[in-house]
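In this note's numbering, the protein residues as written are 628 to 761.
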């Protein structure tokens, strides 16, 4: 119980430093700047989601490692239909989903499920960026 409370407190303290855009705004930025779109699907009551934000997403944003992608944080409780569509109905939280436009104009989708340290997220971003740039 204490760890759950700690995760919620950490999530609320650090959430302001995450580059927070809603999905529509991040999508528009992705298309306009020809960058992959990274959507982090989570919920405020989810301990793994809060730890992912505080120990992976926030530090990566602070060091500029998320500059090559447009980032959207999606609260599954606030927009359940969009979350269901993006996760293809998979209810596991958190999920990091990256959409990248290929050189032929189609979109490719990759994702990570559950808590992730920085390295798998870096690899996911690197693959998406290389796909976009051809």
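Just so you know, even glycine gets a beta-carbon here, dropped at the ideal spot from N, CA and C.
Item, Value
"Out of 671, 760, 658, 744, which has the shortest C-alpha to C-alpha gap to residue 700?", "671"
"Among 649, 675, 750, which residue has its Cα nearest to the Cα of residue 721?", "675"
"Considering only residues of the same chain and omitting the five flanking positions on each side of residue 660, which have a CB-CB separation below 8 Å?", "697"
"What are the boundary residues of the beta strand (DSSP E) that includes residue 746?", "Where residue 746 is concerned, there is no enclosing beta strand (DSSP E), although the alpha helix (DSSP H) it sits in stretches over 745-760."
"When the Cα atoms are used, what is the spatial distance from residue 755 to residue 734?", "10 Å"
"Only counting the same chain, and skipping five residues up and downstream in sequence, which positions put a Cβ closer than 7 Å to that of residue 737?", "725, 751, 754, 755"
"Could you work out which residue in 703, 679, 744, 758 is closest to residue 728 when comparing CA atoms only?", "758"
"CB-CB under 6 Å to residue 595, same chain, minus the five flanking residues each way: which ones, in chain order?", "Residue 595 lies beyond the stretch modelled for the chain, which goes from 628 to 761, so this question has no answer here."
"Quick one: Cα of residue 650 to Cα of residue 745, how far?", "22 Å"
"Can you list, in chain order, the stretches of the alpha helix (DSSP H) that have 4 or more residues and sit fully within the stretch 677-757?", "685-689, 707-714"
"Reducing DSSP to helix, strand and coil, say where residue 637 ends up.", "Any reading at residue 637 must be qualified, since the residue scores a pLDDT of 46, below 50, and its modelled position is unreliable; the value itself is stated next. Helix."
"Taking the straight line between their C-alpha atoms, what separation do you get for residue 732 and residue 664?", "14 Å"
"Relative to the alpha-carbon of residue 656, which residue among 673, 685, 694 has its alpha-carbon at the smallest distance?", "694"
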